[in-house]
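Enquirer: Read left to right, the sequence shown gives residues 267 to 501 (the working numbering).
Cβ atoms here follow ideal geometry from the backbone N, Cα and C, with glycine treated the same way.
Below is a structure I'd like to ask you about.
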Amino acid sequence: MQAVILAGGNGVRLYPYTSVIPKPLLPLDDMPIIEIIVKQLVHHGFTKISIASGYLGELIKTYLGNGSKYGVQIDYSIESKPLGTIAPLTLLNNLDSTILVIHADLLTTLDFKTLLEFHKEKQAAATVGMICKSIKSDYGVIDTNGDDLLEKIREKPEFKMYVNMGIYIIESRILDYLPKKQPQNFPEFINFLIESGEKVAGYRFNGYWLDIGQHCDYDRALNEFSQYREEMKID
Numbered sequence: 267m268q269a270v271i272l273a274g275g276n277g278v279r280l281y282p283y284t285s286v287i288p289k290p291l292l293p294l295d296d297m298p299i300i301e302i303i304v305k306q307l308v309h310h311g312f313t314k315i316s317i318a319s320g321y322l323g324e325l326i327k328t329y330l331g332n333g334s335k336y337g338v339q340i341d342y343s344i345e346s347k348p349l350g351t352i353a354p355l356t357l358l359n360n361l362d363s364t365i366l367v368i369h370a371d372l373l374t375t376l377d378f379k380t381l382l383e384f385h386k387e388k389q390a391a392a393t394v395g396m397i398c399k400s401i402k403s404d405y406g407v408i409d410t411n412g413d414d415l416l417e418k419i420r421e422k423p424e425f426k427m428y429v430n431m432g433i434y435i436i437e438s439r440i441l442d443y444l445p446k447k448q449p450q451n452f453p454e455f456i457n458f459l460i461e462s463g464e465k466v467a468g469y470r471f472n473g474y475w476l477d478i479g480q481h482c483d484y485d486r487a488l489n490e491f492s493q494y495r496e497e498m499k500i501d
């Protein structure tokens, strides 16, 4: 089984940490975020990992090497210009027919093998990992009828919705839709697939997930990693 780790971002929101090291190498206890993901993938049976990197990508390559110390084969592509979150896959050669794609700045207890089995059961062209989150409004929300008459004011309500986890299973054939070396992000590409009549599935996950995008997220990861470490299957 093959996985692709997307590690090409500049990590602007985590500056100044990312001025000297790429975000995927930020440490949690005794290991970088990307190493946690690599170990999880190995635990769940992945034998080949491709890392699509950009900003300071050589540091990631130097740290992880060819994967032999983890018992997995690791290869790399380093983009010369930002290509978004899906187009970097067009730089990779010898992709398996079905691959897992994951952002390099995530912490999760998701069982990747279960996600893969779900994807195959649905016979989908792509499957998007999704998790339910509550988002609280900072304002009073007004409901009106068609005549601009108020029906209700809801003071700072919470809305529950499924959000994109940044974890996907795709059939590599769908990459043929993409022009080479042209920037493209996953959300826009997923919408294109749906409009093109391809089957796209959504996998509902209700375990632990954290997108480490900002300083507050990194602080939270530092506090929570030890709590979920055993469940992440990395030791």
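In chain order, which continuous runs of the alpha helix (DSSP H) of length 4 or greater are located wholly inside the region 334-394?
Expert: With a minimum length of 4 residues, the continuous alpha helix (DSSP H) runs that stay inside the region 334-394 are 378-388.
Enquirer: Please report the Cβ distance between Asp-341 and Ser-438, rounded to the nearest whole angstrom; I am assuming they are in contact, meaning their Cβ atoms lie under 8 angstroms.
Expert: 15 angstroms between Cβ atoms; not a contact.
Enquirer: Measure the alpha-carbon distance for Lys-314 versus Gln-339 and round it to whole angstroms.
Expert: So the two alpha carbons sit approximately 5 angstroms from each other.
Enquirer: Bridge partners of Phe-425, per DSSP?
Expert: In the DSSP output, where bridge partners are listed per residue, Phe-425 has Ile-401.
Enquirer: Check whether the region 321-334 touches the region 393-413, taking contact to mean three or more Cβ pairs, one atom from each stretch, closer than 8 angstroms.
Expert: Segments in contact, no.
Enquirer: Determine whether the beta carbon atoms of Met-427 and Gln-306 lie at a separation below 7 angstroms.
Expert: Contact: no.
Enquirer: Would you mind sorting His-385 into buried or exposed? The rule is 16 or more other CB atoms within 10 Å of its CB.
Expert: With 16 or more Cβ atoms within 10 Å of its Cβ, His-385 is classed as buried.
Enquirer: Can you give me the C-alpha to C-alpha distance between Ser-492 and Thr-374, rounded to a whole angstrom?
Expert: If I take the Cα positions, the gap works out to 12 angstroms.
Enquirer: Alpha carbon to alpha carbon, how far is Leu-355 from Asn-276? Give it in angstroms, no decimals.
Expert: Looking at the two C-alpha atoms, the distance is approximately 18 angstroms.
Enquirer: Please report how far the alpha carbon of Asn-457 lies from the alpha carbon of Lys-465, in whole angstroms.
Expert: The straight-line gap from Cα to Cα measures roughly 11 angstroms.
Enquirer: Ignore the nearest five residues each way along the sequence and tell me which others in Arg-420's own chain have a CB closer than 6 angstroms to its CB.
Expert: Val-407.
Enquirer: Do Thr-351 and Tyr-469 have their CB atoms nearer than 7 angstroms?
Expert: Result no, Cβ atoms of Thr-351 and Tyr-469 do not sit closer than 7 angstroms.
Enquirer: Beta carbon of Asp-450, beta carbon of Ala-353: below 7 angstroms?
Expert: Here residue 450 is Gln; the residue named in the question, Asp, does not match the sequence. Yes, the pair counts as a contact, with Cβ atoms nearer than the cut-off.
Enquirer: Take Leu-357 and list the residues in its own chain whose beta-carbon comes closer than 6 angstroms to its own, dropping the five residues that flank it on each side.
Expert: Taken in chain order, the residues that qualify are Ser-343.
Enquirer: Assuming contact is defined by CB atoms lying nearer than 7 angstroms, are Lys-379 and Gly-337 in contact in what I supplied?
Expert: The answer is no: Cβ separation not under 7 angstroms.
Enquirer: Please classify Pro-423 as buried or exposed, where buried requires at least 16 neighbouring CB atoms within 10 angstroms.
Expert: Pro-423 is exposed by the Cβ-count criterion.
Enquirer: Does DSSP put Pro-300 in a helix, in a strand, or in coil?
Expert: Reading the sequence as shown, one finds Ile at residue 300 and not Pro. In this structure, Ile-300 counts as helix in the three-state DSSP scheme.
Enquirer: Determine the closest residue to Asn-430 out of Tyr-283, Asn-472, Lys-418, Gln-389, with distance taken between C-alpha atoms.
Expert: Of Tyr-283, Asn-472, Lys-418, Gln-389, the residue nearest in Cα terms is Asn-472.
Enquirer: For the alpha helix (DSSP H) holding Tyr-484, just list the boundary residues, first then last.
Expert: First-last of the alpha helix (DSSP H) with Tyr-484: 481-494.
Enquirer: Taking the beta strand (DSSP E) that Lys-327 belongs to, which residues open and close that run?
Expert: That residue, Lys-327, is in no beta strand (DSSP E); its alpha helix (DSSP H) goes 323-330.
Enquirer: For Leu-272, report the span of its beta strand (DSSP E) as first-last.
Expert: Leu-272 -> beta strand (DSSP E) spans 268-273.
Enquirer: Is it right to say Pro-298 is buried, meaning 16 or more other beta carbons lie within 10 angstroms of its own, or is it exposed?
Expert: Per the 10 Å Cβ criterion, buried.
Enquirer: Tell whether a beta-carbon distance below 7 angstroms holds between Ile-500 and Ile-302.
Expert: Their beta carbons are under 7 angstroms apart, which means Ile-500 touches Ile-302 by this criterion.
Enquirer: Could you check where the beta strand (DSSP E) with Leu-476 kicks off and where it finishes?
Expert: Its beta strand (DSSP E) spans residues 475-477.
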